[in-house]
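Data block below; observations after.
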Amino acid sequence: MSKPIYELVDELPTGGLTVMGLKSLDFLIPGQWQNLVGFDNTIRTVTGETDEGLIQQIGERAVALFNDKSQGYQRALWLYETVDSASGLLGTAALMNRIGQDTFLGFLKNITPKPEKAQSIDLSVKLVTELVAFCQINGIPGDSIGDFLAALNDYGGESLMRMAALVCFDGIIPLGPAFAERALNTISGMSPSDLESNPTFNGVKDLIPGGDSAGQLSFITQSFAQTQGWMNNFVSSKNITREGLMGNLRNFIEFTDDKADYLGALLDMNVKYYRHTGIQTLARRLIERAVAEI
Amino acid sequence: MTLVLARRAIRASATNRSIALLLCSLCSLLLVTACAPQPPSRYAEVQKETSQKGNQAVSKEAQRGGSFNQFFPKSGNGYAVVPAQEKKGFAEYKVNKGGKNLAVLSISDTVSLPTAADKYKQSSFKIAGFPAVDQGQNSTGILVNGRYQVKAQSRDPAFTRQDRIAWIQKFDLDGLSRL
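Quick mapping for you: the protein sequence lines, in order, are chains A and B. When we follow the working numbering, the leftmost residue of the first sequence carries the number 10, and every step to the right adds one. When we follow the working numbering, the leftmost residue of the second sequence carries the number 30, and every step to the right adds one.
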């Protein structure tokens with residue numbers, strides 16, 4: 010049994026590395042993401058209502074919907090939480106790998122994955138997790154593929170911030186500006202066993218479509234190829250560079266240029282942006298449905 | 030000399046005392062905070078009721094959300110009507126203009142939540158012949174066939190109550206009443 014949804018939203022932090030990391034990306038989507046925390050506060054902000062009796066009714070319906078397991082909201086929460094904690098493990102592995110290359114612990118290279126392969130899987134699994142969580146929360150809205158894409162394109166607020174963070178923290182910082190092409194090349198040339206040995210994939214594989222890991226690899230590769238254009242467009246239209254991102258991150262994490270390699274791993278372990286913004290998305294969608302149904 | 034030492038001793042003990050006092054008050058503060066029972070959440074009761082095994086917020090009898098899509102207004106006149114959610118017994122679209130969200134439109138099956146239908150018994154006006162209610166400041170709804178709730182909600186002050194009433198009439202309400 011999950012924690013009550015109102016506790017999850019009430020307990021979201023207003024500071025710390027995750028929130029600071031996300032705030033460092035505000036310049037990419039100015040004003041799109043306010044760190045909305047607190048369950049009642051979210052109800053007031055989403056609906057614009059102030060009557061306490063009405064807020065109580067909306068909140069009660071949202072709690073009931075979240076607690077009905079058949080409605081998919083708890084599975085979405087599980088996905089957001091799991092993909093973050095599993096990729097934190099990858100951060101540890103990537104850090105070990107860097108240490109392996111730089112110091113006498115050279116033998117570690119043999120037991121930890123190459124960062125590029127691991128990062129590529131991590132990025133693509135996180136992207137697919139977003140698609141799966143989207144469908145768990147919203148269903149597949151509309152009557153056609155075009156409708157579904159329109160719904161995805163309508164991303165705003167915390168969902169858009171989550172995608173900005175994916176592009177920046179899991180794409181550009183660890184893999185560079187051509188991250189989408191590099192990652193797609195990497196996963197296209199992979200075997201299912203590469204996927205099976207990746208902790209991020211193993212964390213969420215039960216909910217990824219495709220049947221076996223070969224089918225899942227194909228689903229992940231196709232989904233990545235479909236969204237590559239969106240990601241590239243996001244980077245070029247906002248003129249995002251690795252240097253620019255690192256400059257902003259320096260405002261709250263101290264690191265020197267020769268340690269920049271570790272930054273991706275450090276972010277991976279400490280910035281839980283999928284869980285944080287995922288709970289915000291979940292709360293918003295539940296409240297939107299609740300206020301419409303009561 | 031003795032006097033100076035004595036004074037220092039007094040001052041030192043005064044400092045110690047104030048530190049001790051400070052510590053005491055901090056400790057009691059911590060104790061009070063730790064022991065004070067958290068007031069129960071205003072949602073504790075519904076949480077208890079709905080977290081039981083087998084709880085259902087959505088009735089098995091509820092219509093498929095997808096069956097509502099055909100009745101929503103279409104995009105046009107600079108407004109984009111974008112699908113947002115489709116779950117059992119529920120479908121929701123956003124009304125956007127110039128990339129800005131102005132309103133949301135929804136159809137829900139009140140078979141899952143009969144109290145939602147009950148409020149239309151107190152309806153004081155009609156839209157397109159169906160009983161209508163205003164709820165809070167931003168929401169207007171009607172009940173079709175005593176079962177399907179059609180709502181328009183403002184998400185921007187520019188989208189007024191008149192707009193909500195006008196948009197509800199853009200639904201295919203005849204079609205929905207035959208569902």
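Every residue gets a Cβ at the ideal spot worked out from N, C-alpha and C, and that includes glycine. Owing to the predicted nature of the structure, the values given are computational and were not obtained by experimental measurement.
Ignoring anything shorter than 4 residues, give me the alpha helix (DSSP H) runs that lie fully in the segment 90-157 of chain B, in order along the chain.
143-147
For Ile196/A, which beta-bridge partners are listed by DSSP?
Looking at the DSSP assignment, Ile196/A forms no beta bridge with any residue, so it has no partner.
With Gln85/B as the anchor, note down where its beta strand (DSSP E) starts and where it stops.
Careful: Gln85/B lies outside any beta strand (DSSP E) and carries neither H nor E.
If the cut-off is 7 Å on Cβ atoms, which residues from the segment 129-150 of chain A count as contacting chain B, listed in chain order?
Asn147, Gly148, Ile149 and Pro150
Tell me whether Val75/B sits in a helix, a strand or coil according to DSSP, three-state version.
helix
Presumed contact (8 Å Cβ cut-off) between Leu26/A and Asn279/A, rounded CB distance
5 Å
Please state the DSSP three-state secondary structure of Ala161/B.
strand
Selection from Tyr122/B, Gly105/B and Val87/B that minimises the alpha carbon distance to Phe97/B:
Tyr122/B
If I follow the unbroken beta strand (DSSP E) through Gln182/B, where does it start and stop?
Tyr177 to Ser183
Under 9 Å, Cβ to Cβ, is there at least one residue of chain A near Phe159/B?
no
Are there three or more Cβ pairs, one per stretch, closer than 8 Å when the segment 165-181 of chain A is compared with the segment 288-296 of chain A?
yes
For Arg207/B, is the classification buried or exposed, using 16 other Cβ atoms within 10 angstroms of its Cβ as the cut-off for buried?
exposed
I want to see whether chain B comes within less than 9 Å of Ala223/A, judged by CB atoms only; does it?
no
How would you list, in chain order, the residues of chain B whose beta-carbon sits under 8 Å from the beta-carbon of Ala95/A?
Within 8 Å Cβ-Cβ: nothing; Ala95/A doesn't reach chain B, min ~27 Å.
Buried or exposed: which applies to Val139/A, given that a residue is buried once 16 or more other Cβ atoms fall within 10 Å of its Cβ?
Note that residue 139/A is Glu in the sequence shown, not Val. Burial call: buried.
Using the Cα positions of Asp156/A and Phe200/B, report the straight-line distance between them to the nearest angstrom.
18 Å
Which residue wins for smallest C-alpha separation from Cys177/A, given the options Asn207/A, Gly273/A and Gly151/A?
Gly273/A
Distance between Tyr177/B and Leu161/A (C-alpha atoms, nearest Å)
27 Å
Rounded straight-line distance, which links the Cα of Glu252/A to that of Gln80/A
43 Å
Run down chain B in chain order and give the residues with a C-beta less than 8 Å from the C-beta of Ile303/A.
Leu142, Thr144, Ala145 and Gln164
Grab the span of the beta strand (DSSP E) containing Gly166/A for me, first residue to last.
From DSSP, Gly166/A is part of no beta strand (DSSP E) but of the alpha helix (DSSP H) over Gly166 to Val176.
Sequence-distant residues of its chain with Cβ nearer than 7 Å to Leu55/B (five each side left out)
Its pLDDT being 49, under 50, Leu55/B is placed unreliably in this model, and the coordinates cannot settle the point.
Along the segment 90-121 of chain B, what residues have a CB closer than 9 Å to any CB found in chain A?
Gly94, Gly95, Asn98, Gln99, Ala109, Val111, Pro112, Ala113, Gln114, Glu115, Lys116, Lys117, Gly118, Phe119, Ala120 and Glu121
Just to confirm before moving on: does the CB-CB distance between Ala82/B and Ser137/B stay below 9 Å?
The amino acid occupying residue 82/B in the given sequence is Lys; Ala does not appear at that position. In this structure, Ser137/B does not lie closer than 9 Å to Lys82/B by Cβ.
Any chance the segment 110-126 of chain B sits against the segment 136-152 of chain B, with 3 or more Cβ pairs inside 8 Å?
yes
Quick check on Phe233/A: buried or exposed, where buried means 16 or more other Cβ atoms within 10 Å of its Cβ?
buried
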